[in-house]
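J.: As numbered in mature numbering (1 follows the signal peptide of the UniProt record, and there is no 0), residues -23 to -1, 1 to 347 make up the sequence shown, in order. Virtual Cβ for every residue (Gly too), placed ideally from N, Cα, C. Pasting a structure below so you can have a look.
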Amino acid sequence: MKTLIKLIAVAAALGLSPASAFAQNTQPAPVAESLVADSQAAPAQPEEASPDQAAVNPEEPSDATVAESTYASNIMPEPGVGQPDGRMGLQDQYTGIGEEAAWFHDVILMPVIAAISILVLFLMVWVVVRYRRRANPEPSRTTHNTMIEVIWTLVPVIILVIIAVPSIRLLANQYSPPEADLTVKVMGNQWYWTYQYPDHGDFEVVSNMLSEEDAKARGEPRLLAVDNRMVVPAGATVKLIVTSNDVIHAFAVPAFWSKIDAVPGRLNETWFKVDRPGVYYGQCSELCGARHAYMPIAVEVVPPAQFAAWVASQGGTMPGAAPAPVTASDAIDDTSATETPQIPEPTLVNATGPAVPVEQAATVNPTEAE
Ligand SMILES: [Cu+2]
């Protein structure tokens, strides 16, 4: 029984935690604008910014411009879809997991929390009024009431069991994804994202935030628009391998109910499947330095044919059309073919891909850049 209650408590805690994804993604306060200027002039973490690093930092919040941006299409973001719109509550969900989780939050958790809060408030007010000294000069000497004690033990247990069923089901669904149609390797950097497509020729997309003017020119929300979006096909199960180049970041797209830490030296995995083409925004959700607020995420979901065209435009190849990958046999010298066959040493291919050639932001190590 104890184990069950523990399990329930853990599941409830886990089930509740994604709700915080929204809190981090509400529209930043206007004060953030002045912070851009401030953080350029006087970095919030002076001890981190050596003179060399400061020289690397661009003057503008981002050196990305609309002219440099590559989009898979002219898909424009829609108000209220995949971005905050000032509402109180969760963003509309566009994945199956997101819909299930939002239902759990809206239909189960919030009513239960509200009912318990109202009940406790009512009981407290009732006790204060009914049993105040003036109305109750002769205090009761009651110390036990078996019936009430059974009720206040059993009712919470029943409530927790009721919550546990959808909570554990959601947890299980989140951790048993369908087979992936493609993999995107997401890399956090101070302070931008890179997306690698290992299934499509391993090309890489560097994603920088657009300046406010450029975002406005594109008709996109400020502090969320980027020059190069992560592009994925609609209806495909996308496996995300998430890691970081420097410090801990977190990849979070509230409309997908996706949120996972990007930890240096560690590969975290999550997934999403979105059927509806569109643009969905997210933000880094782990405090990662002075410009943590300026490394947004934009995911563009496009029809599969358009995705293939975009892959081609990035110099990638669709699986199937791909040339033979580098294998151990490539390492054998042709002249050795006539000699005794030998099992060659496997050519070690760095599965995580080459180091990201960064020329912006603080991730650039000045000593390595020389
Ligand atoms: Cu970050």
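Output the boundary residues of the beta strand (DSSP E) element that contains ASP223.
T.: It is not in any beta strand (DSSP E) - ASP223 carries neither H nor E in the DSSP assignment.
J.: So, for GLN68: in the same chain, excluding its five sequence neighbours on each side, which residues have a beta-carbon less than 6 Å away from its beta-carbon?
T.: Closer than 6 Å at the Cβ level, and outside the excluded window around GLN68, lie PRO231, ALA232.
J.: Relative to ligand 1, is the shortest distance from any of its heavy atoms to the C-beta of VAL224 smaller than 8 Å?
T.: Yes.
J.: Between which two residues does the alpha helix (DSSP H) holding TRP248 run?
T.: Premise fails: TRP248 lies in the beta strand (DSSP E), 245 to 250, not in any alpha helix (DSSP H).
J.: Whole angstroms is fine: what's the gap from THR160's alpha carbon to HIS177's?
T.: Distance between the alpha carbons of THR160 and HIS177 is about 9 Å.
J.: Could you give the first and the last residue of the continuous alpha helix (DSSP H) run that contains GLU190?
T.: Counting along the chain, the alpha helix (DSSP H) containing GLU190 begins and ends at 189 to 195.
J.: So who's on the other strand from THR171, going by DSSP bridges?
T.: THR171 pairs with MET164, VAL183.
J.: Is it the case that the Cβ atoms of PRO210 and VAL278 are separated by a distance below 9 Å?
T.: Going by C-beta atoms, PRO210 is nearer than 9 Å to VAL278.
J.: Measuring only from the beta carbon, is MET207 closer than 8 Å to any heavy atom that is part of ligand 1?
T.: Because no heavy atom of ligand 1 lies under 8 Å away, the Cβ of MET207 does not count as near it: no.
J.: Relative to the C-alpha of VAL183, which residue among ASP191, MET164, ILE237, GLU190 is closest?
T.: Looking at the Cα atoms, MET164 is the closest of the given residues.
J.: In the DSSP assignment, what are the bridge partners of GLY63?
T.: DSSP output for GLY63 lists no bridge partner at all.
J.: Tell me the start and end of each unbroken alpha helix (DSSP H) in the stretch 115 to 154 that is at least 4 residues and wholly inside, in chain order.
T.: Counting whole runs of 4 or more residues, the stretch 115 to 154 contains the alpha helix (DSSP H) stretches 123 to 151.
J.: Does DSSP put PRO280 in a helix, a strand or coil?
T.: Here PRO280 sits in coil by DSSP.
J.: Please classify LEU201: does DSSP put it in a helix, a strand, or coil?
T.: Correct three-state label for LEU201: coil.
J.: By the 10 Å Cβ neighbour count, where 16 or more other Cβ atoms means buried, how is ARG109 classified, buried or exposed?
T.: Result: exposed.
J.: By DSSP's criteria, SER235 is part of a beta bridge. Which residues make up the other side?
T.: Beta-bridge pairing links SER235 to VAL230.
J.: Say the cut is 8 Å; is the CB of GLN167 nearer than that to a heavy atom of ligand 1?
T.: Result yes, Cβ under 8 Å from ligand 1.
J.: Does the stretch 129 to 147 come close enough to the stretch 77 to 85 to have 3 or more Cβ pairs within less than 8 Å?
T.: Verdict: yes, contact present.
J.: In angstroms with no decimal places, state the Cα-to-Cα distance between LYS162 and ALA92.
T.: So the alpha carbons of these two residues sit roughly 43 Å apart.
J.: According to the Cβ coordinates, are ARG260 and ILE274 closer than 9 Å?
T.: The sequence given here places Gln at residue 260; Arg does not occur at that position. Yes, they are a contact pair.
J.: Taking the beta strand (DSSP E) that GLY259 belongs to, which residues open and close that run?
T.: Taken as a continuous stretch (DSSP letters only), the beta strand (DSSP E) holding GLY259 covers 255 to 261.
J.: Would you say SER235 and PHE249 are within 9 Å of each other, going by their C-beta atoms?
T.: It is a contact, given that the beta carbons lie within the stated cut-off.
J.: Where GLY196 and ARG253 are concerned, what is the direct C-alpha to C-alpha distance, given to the nearest angstrom?
T.: Spanning the two alpha carbons is a distance of roughly 20 Å.
J.: Distance, Cα to Cα, ASP15 vs SER188?
T.: At ASP15 the pLDDT is 40, less than 50, meaning the model places this residue with poor confidence; the figure from the coordinates comes in the next sentence. Each residue's Cα considered, the two are about 15 Å apart.
J.: On the CB-based measure, 16 or more other CB atoms within 10 Å of its CB, does PRO35 come out buried or exposed?
T.: Since pLDDT at PRO35 reaches only 40, below the 50 mark, its modelled position is unreliable, and the value read off the structure follows with that caveat. PRO35 should be labelled exposed.
J.: Let me know the secondary structure DSSP gives VAL106 once reduced to three states.
T.: Of the three classes helix, strand and coil, the one that applies to VAL106 here is helix, per DSSP.
J.: What residue range does the alpha helix (DSSP H) around GLY212 cover?
T.: Looking at the DSSP string, GLY212 is not in any alpha helix (DSSP H), and its letter there is neither H nor E.
J.: So, is MET101 buried or exposed, given that buried needs 16 or more other C-beta atoms within 10 angstroms?
T.: The residue is exposed, with fewer than 16 neighbouring Cβ atoms inside 10 Å.
J.: In this structure, how does DSSP classify VAL86 when only helix, strand and coil are distinguished?
T.: The question names Val, but residue 86 is Leu in the sequence shown. LEU86: helix per DSSP, three-state reduction.
J.: Would the beta-carbon of VAL256 fall within 9 Å of that of PRO54?
T.: Taking 9 Å as the Cβ cut-off, VAL256 and PRO54 qualify as a contacting pair.
J.: In the structure shown, what three-state DSSP assignment does ILE93 receive?
T.: Correct three-state label for ILE93: helix.
J.: Please classify SER117 as buried or exposed, where buried requires at least 16 neighbouring CB atoms within 10 angstroms.
T.: Exposed, by the Cβ-count rule.
J.: According to DSSP, what are the bridge partners of LEU159?
T.: In the DSSP output, where bridge partners are listed per residue, LEU159 has VAL215.
J.: Return the bridge partner residues of PRO241 from the DSSP annotation.
T.: According to DSSP, PRO241 bridges with SER221.
J.: Have a look at ILE74 and SER290 and give me their C-alpha separation to the nearest angstrom.
T.: Cα to Cα, the separation comes out at about 32 Å.
J.: Who are the near neighbours of THR171 in its chain, counting only those whose CB is closer than 6 Å to its CB and skipping five residues on each side?
T.: These residues qualify, in order along the chain: MET164, GLU181, VAL183, VAL333.
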